[in-house]
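Peer 1: Numbering (the numbering used here), first residue to last: 2 to 76.
Even glycine gets a Cβ: it sits at the ideal position worked out from N, Cα and C.
Keep in mind it's a predicted model, so treat the numbers as computed, not measured.
Next up is a structure, given as structure tokens.
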């Protein structure tokens, strides 16, 4: 996981989602379990965040994580 200049603490939903998108931009994929461990939240919380981000076309859900939206993909 990317190093951040702050200690992981209780994050607002929007902060978690910004971190998820930043990781996705940097690594080109995110894994639910890794995010849950890093952000100190449940896998269910991460799944819901990813689901909500997919709903607004910010990423693509795959088994166990997410990938960036392909520029020319049909949804």
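Would DSSP call residue 62 helix, strand or coil?
Peer 2: Three-state DSSP puts residue 62 in a strand.
Peer 1: Between residue 67 and residue 17, is the Cβ-Cβ spacing less than 9 Å?
Peer 2: Contact: no.
Peer 1: Can you give me the C-alpha to C-alpha distance between residue 28 and residue 12, rounded to a whole angstrom?
Peer 2: Cα-Cα distance, rounded: 21 Å.
Peer 1: Report the three-state DSSP secondary structure of residue 36 (helix, strand or coil).
Peer 2: Reduced to three states, the DSSP call for residue 36 is helix.
Peer 1: Are residue 65 and residue 33 touching if we call contact CB-CB under 9 Å?
Peer 2: Yes, Cβ-Cβ distance for residue 65 and residue 33 is below 9 Å.
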